[in-house]
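2 protein chains.
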Amino acid sequence: MTIRPKRSDVREACVAEAFRIVEETGVESLSLRDVARRLGVSHQAPYKHFPSRDHILAEIIARSFDEFSTFLERRPDEKEPEADLRSMGVQYMRYAQLHPLKYRLMFNTPMPDPAKHPDMMRNAQYAFNILRDRLAHMTLRPTRDAAEVSPQLDALFVWSTLHGVASVLQSSVFQTIGLSEDDRNNAVSRCFERISLALEP
Amino acid sequence: MTIRPKRSDVREACVAEAFRIVEETGVESLSLRDVARRLGVSHQAPYKHFPSRDHILAEIIARSFDEFSTFLERRPDEKEPEADLRSMGVQYMRYAQLHPLKYRLMFNTPMPDPAKHPDMMRNAQYAFNILRDRLAHMTLRPTRDAAEVSPQLDALFVWSTLHGVASVLQSSVFQTIGLSEDDRNNAVSRCFERISLALEP
DNA sequence: ACTCCAAGTTGACACTGTCAACATAGGTCA
DNA sequence: TGACCTATGTTGACAGTGTCAACTTGGAGT
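Here's what the structure looks like:
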């Protein structure tokens, strides 16, 4: 048996604890020393498993993308492509609302250099492809420069709007802007309406 | 004359230096000690003018919003409302491209509590109102739940998309996603197309 | 049994924000 | 004029951070 028997669960414990911190108080207050302290190990123990703070960051970002993808794929079934796209949009917003700090971790935090963390990169790309593939199977309203159909570009449009709404709603800029409570509640569905109008043939 | 003669230009110097740091290396590397060091004053000098790091942060965010508003208002004139909206969109993206780190400072950075920094809040709101007022004077394609016209909501839609594209384009998630160089160049205009399709009657 | 290395330890360094105590120069007011 | 007072600046300290270096140790592989 070449299975290393215990292969130190400290590593997993670090990741778990890091997640707990991020979900409670946001990524900026994540510190390796704090992780170590909570685990009751020395402040250097985590460094035996992660070369630097960026590496543990990349790990939890990668795992978050994975969770996010799974969440998107578990959306309620819809037969019509348009309804399915909307269902995905709803699910997207639901995730952002359920896990605001993890959402921010993935999309509003300066990432460690992607080139150095291929896993993180791969998982992020996978999530984006879910959206792109959904659009690739729809017939869309042609744009002015009609010639080329590009699900990439339209996926980018949809994603941008969803991401925009999600981050605007949870950012403090928003509270600042003086929208009424009603507006806030209607914001999401209005944006869905507009996206539909933009895409439907 | 009750005009305080010199009213210490250290305060202004701090702000200027803080801006320099933010534009060069991003807000997360902004430290008051560094500011002090560059100015050749003691590490506590800035604290005589700003109670905390958050306060100088709020100040440069407020000023950035001001600059941003001015930039939007200086867009090339267009008579037709639709063309003017597009012009504003172009200007928005131009700002984000010219000052990526200041853009991030305003829109992708956890802000100090807005309630405690009314200037910052006011300036942010002012910028948003430029967009909202532009939309208020357009006749838009009605949405399904037609009854109410709400420039607020549609401004939010447009802003979300613009903000989404801007931050997606400059975020490292994007580089990760594997869009071709062509796609990148066409992304912005495609999104403008889609916005038009969504809004035009 | 011997070796070797992964994993954990303690200690140090430079950096951060912030509090406290002290210095001083200039303007206000008796 | 002289006393005082406040705005501004200084030095020094403390706890927190990431990370490097050196040391210890338990256990797997030869």
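Taken in sequence, the protein lines are chains V and F.
Just so we're aligned: 1008 in the numbering used here is position 193 of the first sequence, and the numbers increase by one with no gaps anywhere.
Just so we're aligned: 836 in the numbering used here is position 21 of the second sequence, and the numbers increase by one with no gaps anywhere.
Here a beta-carbon is modelled for each residue, glycine too, at the ideal position from N, C-alpha and C.
Where do the ends of the alpha helix (DSSP H) carrying histidine 978 of chain F lie?
-> Within the second sequence, the letter at position 163 stands for residue 978 of chain F. Where histidine 978 of chain F is concerned, the enclosing alpha helix (DSSP H) starts and stops at 966-985.
Close-in-space but distant-in-sequence residues of the same chain around serine 869 of chain F (CB under 7 Å, 5 per side omitted) = To locate residue 869 of chain F, count along the second sequence from 1; it is residue 54. What sits at residue 869 of chain F in the sequence shown is aspartate, not serine. Cβ neighbours of aspartate 869 of chain F beyond the five flanking positions: Pro927.
Contacts that phenylalanine 883 of chain V makes with chain F (C-beta to C-beta distance below 7 Å) | For the purposes of this step, residue 883 of chain V is taken as the residue at position 68 of the first sequence. Under the 7 Å cutoff, chain F gives no residues; its nearest Cβ is about 12 Å from phenylalanine 883 of chain V.
Go ahead and pull the three-state DSSP assignment for histidine 858 of chain F.
-> By one-based count along the second sequence, residue 858 of chain F stands at place 43. Reduced to three states, the DSSP call for histidine 858 of chain F is coil.
Between the stretch 890-906 of chain F and the stretch 831-848 of chain F, do three or more beta carbon pairs fall short of 8 Å?
-> The stretch 890-906 of chain F is not in contact with the stretch 831-848 of chain F.
With DSSP run on the structure shown, which of helix, strand or coil describes aspartate 881 of chain F?
-> The residue given as residue 881 of chain F occupies position 66 in the second sequence. If DSSP states are grouped into helix, strand and coil, aspartate 881 of chain F belongs with the helices.
What residues in the stretch 968-985 of chain V bring their beta carbon closer than 8 Å to a beta carbon of chain F?
-> From the stretch 968-985 of chain V, only Leu968, Asp969, Leu971, Phe972, Trp974, Ser975, Thr976, Leu977, His978, Gly979, Val980, Ser982 and Val983 have a Cβ closer than 8 Å to chain F.
By how many angstroms is the C-alpha of tyrosine 910 of chain F removed from the C-alpha of phenylalanine 886 of chain F?
-> Numbered from its first residue, the second sequence carries residue 886 of chain F at position 71. Numbered from its first residue, the second sequence carries residue 910 of chain F at position 95. Rounded to the nearest angstrom, the two C-alpha atoms are 7 Å apart.
Inter-stretch contact at 8 Å, needing at least 3 Cβ pairs: the stretch 960-978 of chain V / the stretch 941-948 of chain V | Between the stretch 960-978 of chain V and the stretch 941-948 of chain V there are three or more inter-stretch CB-CB distances shorter than 8 Å, so the stretches are counted as touching.
Give the interface partners of methionine 926 of chain V over in chain F, defined as CB-CB distance under 9 Å, in chain order.
-> Translated into positions along the first sequence, residue 926 of chain V becomes position 111. Among the residues of chain F, those whose CB is under 9 Å from the CB of methionine 926 of chain V are Ser986, Ser987, Val988 and Thr991, following chain order.
Could you give the distance in angstroms between the alpha-carbon of leucine 994 of chain V and the alpha-carbon of phenylalanine 943 of chain F?
-> Translated into positions along the first sequence, residue 994 of chain V becomes position 179. Translated into positions along the second sequence, residue 943 of chain F becomes position 128. Computed Cα separation, rounded: 11 Å.
Considering only residues of the same chain and omitting the five flanking positions on each side of valine 825 of chain V, which have a CB-CB separation below 8 Å?
-> Locating residue 825 of chain V in the first sequence gives position 10, where the first residue counts as 1. Cβ within range, chain order: Leu854, Val856, Ala860, Pro861, Lys863 and His864.
Three-state secondary structure (DSSP) of methionine 903 of chain F = Against the second sequence, residue 903 of chain F aligns to sequence position 88. Of the three classes helix, strand and coil, the one that applies to methionine 903 of chain F here is helix, per DSSP.
8 Å Cβ cut-off: residues of chain V touching leucine 994 of chain F | What you label residue 994 of chain F is simply residue 179 of the second sequence in a count that begins at 1. Near leucine 994 of chain F (Cβ distances below 8 Å), the residues of chain V are Gln967 and Leu971.
Following the continuous alpha helix (DSSP H) through valine 837 of chain F, name the residue where it begins and the one where it ends.
-> Within the second sequence, the letter at position 22 stands for residue 837 of chain F. Annotation for valine 837 of chain F: the continuous alpha helix (DSSP H) segment containing it runs 825-840.
Specify the secondary structure class of glutamate 843 of chain V as computed by DSSP and reduced to three states.
-> Reading the first sequence from its first residue, position 28 is the one you call residue 843 of chain V. Correct three-state label for glutamate 843 of chain V: helix.
With 16 as the cutoff for other CB atoms within 10 Å, does threonine 840 of chain F come out buried or exposed?
-> Here residue 840 of chain F refers to the residue found at position 25 when the second sequence is read from its first residue. Burial call: exposed.
C-alpha gap between valine 980 of chain F and valine 842 of chain V, whole angstroms | Your numbering for residue 980 of chain F matches position 165 in the second sequence. Your numbering for residue 842 of chain V matches position 27 in the first sequence. Near 23 Å, if we compare the C-alpha coordinates of valine 842 of chain V and valine 980 of chain F.
is_contact[proline 1016 of chain V, chain F] using C-beta, thresh 8 Å | Residue 1016 of chain V sits at position 201 when you count from the first residue of the first sequence. Closer than 8 Å: no.
Determine the chain F residues that contact asparagine 1000 of chain V at a beta-carbon separation under 9 Å, and present them in chain order.
-> As a position in the first sequence, residue 1000 of chain V is number 185, starting the count at 1. Correct list: empty, because the minimum Cβ distance to chain F is about 10 Å.
Name the chain V residues that come within less than 8 Å of threonine 958 of chain F, Cβ to Cβ?
-> Translated into the one-based positions of the second sequence, residue 958 of chain F becomes position 143. Result: Arg1005, Glu1008, Arg1009 and Leu1012.
Residues of the stretch 927-958 of chain F whose Cβ lies closer than 7 Å to any Cβ of chain V, in chain order | The stretch 927-958 of chain F vs chain V, Cβ under 7 Å: Pro929, Met936, Ala939, Gln940, Phe943, Arg956 and Thr958.
Contact under 8 Å by Cβ, isoleucine 876 of chain F with alanine 833 of chain F = Here the question's residue 876 of chain F lines up with position 61 in the second sequence. Here the question's residue 833 of chain F lines up with position 18 in the second sequence. No; because the gap between Cβ atoms is not below 8 Å, this pair is not in contact.
Boundaries of the alpha helix (DSSP H) in which serine 1011 of chain V is found, first to last residue | The residue given as residue 1011 of chain V occupies position 196 in the first sequence. 996-1014 is the span of the alpha helix (DSSP H), which, as asked, contains serine 1011 of chain V.
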